[in-house]
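Note that our numbering has the sequence shown beginning at 1, numbered continuously upward.
Ideal Cβ positions, reconstructed from N, Cα and C, are used throughout, including at glycine.
Here's the structure, in structure tokens; my notes come after.
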Amino acid sequence: MVFWMSMGVIVGGRLGYVLFYDLSAYIANPLLIFEVWKGGMAFHGGLIGVMLAVWGFGKRNGKSFFQIMDFIAPVVPIGLGAGRIGNFINAELWGKASDVPWAMIFPTDPQQLARHPSQLYQFALEGVALFLILWLYSRKPRPTMAVSGMFALFYGIFRFIVEFVRVPDAQLGYLAFGWVTMGQILCIPMIAGGLFLIWWAYHRDPAAQKAA
């Protein structure tokens with residue numbers, strides 16, 4: 001399962017970036033899709049890839065999709081946090097210019113402006129805070145789908161918030177109202193889906209709701 005999930009992250013993350021963030025460039029030159037060493041991965045695409053891998057594994061081995069997702073969800077923030085630290089070390093995906101005391105100048109920034117270290121914000125929220133929320137929530141038995149719903153809900157909220165101080169992809173910019181980013185648009189169905197999964201999980205299992 002680990003192998004197929006890893007492939008889901010890589011293939012899904014790459015195709016997600018192509019579809020969501022720079023489709024016109026890849027239509028013009030499809031071979032760019034294979035130039036992964038130049039960067040270009042999307043979390044939301046990777047998540048879809050993992051979900052497809054889990055679905056295939058579960059169907060082949062007689063396992064419930066959401067039982068597997070609930071099992072792996074609490075450890076996903078560890079990988080997310082490590083990825084954001086990698087973004088910070090590589091001086092990529094930085095934030096907007098700012099005069100906050102902890103603003104940083106990144107060597108890859110051609111403007112050399114002091115900026116929000118948005119990678120560290122995401123590490124703190126998507127890595128540390130999300131891990132603690134899921135770990136504490138999953139310590140006791142929960143109805144199937146609830147942990148998956150909590151992951152989708154809080155990741156979506158945290159990512160939506162950080163997008164306000166993160167520089168959007170240059171080829172897209174802001175998509176509406178001078179502040180809406182593609183990342184925020186992709187987080188809206190995650191938040192809505194997370195709320196629905198939590199509600200449906202407890203709706204199907206009233207006993208679990210009383211125990212909580």
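(Q) Can you look up Arg142 in the DSSP assignment and give me helix, strand or coil? (A) coil
**Q.** Gln67 versus Lys140: straight-line alpha-carbon distance, rounded
**A.** 15 angstroms
Q: Using alpha carbons as the reference points, say which of Met182, Asp70, Gly178, Gln119 lies closest to Leu134.
A: Asp70
Q | Per-residue burial, Pro110 [other beta carbons within 10 Å of its own, 16 or more giving buried] | A | exposed
Q. For Ile188, is the classification buried or exposed, using 16 other Cβ atoms within 10 angstroms of its Cβ as the cut-off for buried?
A. exposed
Q) Looking at C-beta atoms only, is the number of pairs between the stretch 192-199 and the stretch 31-49 that lie closer than 8 angstroms three or more? A) no
(Q) Tell me which residues share the same chain as Ala147 and place their Cβ nearer than 6 angstroms to its Cβ, disregarding the 5 neighbours each side in the sequence. (A) A quick correction: the sequence has Val, not Ala, at residue 147. Answer for Val147: Asp70, Ala73, Ser138, listed in chain order.
Q) Does DSSP classify Gly95 as helix, strand or coil? A) strand
Q: Identify, in the order they occur along the chain, each residue of the same chain with its Cβ nearer than 7 angstroms to the Cβ of Leu175, setting aside the five sequence neighbours on each side.
A: Thr181, Met182, Ile185
**Q.** Exposed unless 16 or more other CB atoms sit within 10 angstroms - verdict on Val76
**A.** buried
Q.
Using only CA atoms, which one of Asn61, Gly62, Leu80 lies nearest to Val226?
A. The shown model of the chain, from 1 to 212, leaves out residue 226, and the question about it has no answer.
Q. By Cβ distance, which residues of its chain are closer than 6 angstroms to Trp102, with the 5 residues on each side in sequence left out?
A. none
Q. What does Ala170 pair with, by DSSP beta-bridge criteria?
A. DSSP lists no partner for Ala170.
Q: Determine the direct distance from the alpha carbon of Pro143 to that of Arg14, and round the result to whole angstroms.
A: 33 angstroms
(Q) Less than 9 angstroms between the beta carbons of Trp4 and Gly62, yes or no? (A) no
(Q) Using CA atoms only, rank isn't needed, just tell me which of Phe88, Met145, Arg159, Ile85 is closest to His44. (A) Arg159
Q | Neighbourhood of His203 by C-beta, 6 angstroms cutoff - its chain only, sequence neighbours within 5 removed | A | none
Q: Using three-state DSSP, classify Met1 as helix, strand or coil.
A: coil
Q: State the start and end residues of the unbroken alpha helix (DSSP H) segment that holds Trp55.
A: 43-61
Q: Please list, in chain order, all residues of the same chain as Ser24 whose beta carbon is under 7 angstroms from its beta carbon, the five residues on each side excluded.
A: none
Q: List the residues that DSSP assigns as beta-bridge partners of Ala176.
A: Val180
Q.
What does the alpha-carbon distance come out to for the pair Phe88 and Asp205?
A. 42 angstroms
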